[in-house]
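Residue numbers (the working numbering): 1374 to 1482.
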């Protein structure tokens, strides 16, 4: 049975995916894992590949979602993205890294 944290994470990732789709992105991977770490969403629009870290927040006690992405987490995201690009042969894409913060303060999740 999923924990409340896992449920909140799933809700946040779905909302982030919906947001990206509304911007014209196609979600090509969810929860991509490598030995270096995990990327929550990988989205593509034309020649742009976006690697997305999703952060759920229900209050401001722990800072913003962007603040939660430490330098160590950034390194892991970059290495994981490099592995994805190499293994999936996606070199033709421009790349971007985004943090999407999802406000769950009104949810009972």
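Ideal placement from N, C-alpha and C gives every residue a C-beta, glycine not left out.
When you compare the CB positions of residue 1410 and residue 1443, do they come within less than 7 Å of one another, or not? no
For residue 1421, which residues in the same chain have their Cβ closer than 8 Å to its Cβ, ignoring the five residues on either side in sequence? 1466, 1467, 1468 and 1469
Residue range of the alpha helix (DSSP H) that residue 1445 falls in? 1444-1461
Can you grab the Cα-Cα spacing for the pair residue 1479 / residue 1448, in whole Å? 32 Å
If you draw a straight line from the alpha carbon of residue 1402 to that of residue 1475, how long is it in whole angstroms? 19 Å
Continuous beta strand (DSSP E) assignments of at least 3 residues falling wholly in the region 1392-1444: 1399-1407, 1410-1418 and 1421-1430
In whole angstroms, what is the alpha-carbon distance linking residue 1419 and residue 1458? 16 Å
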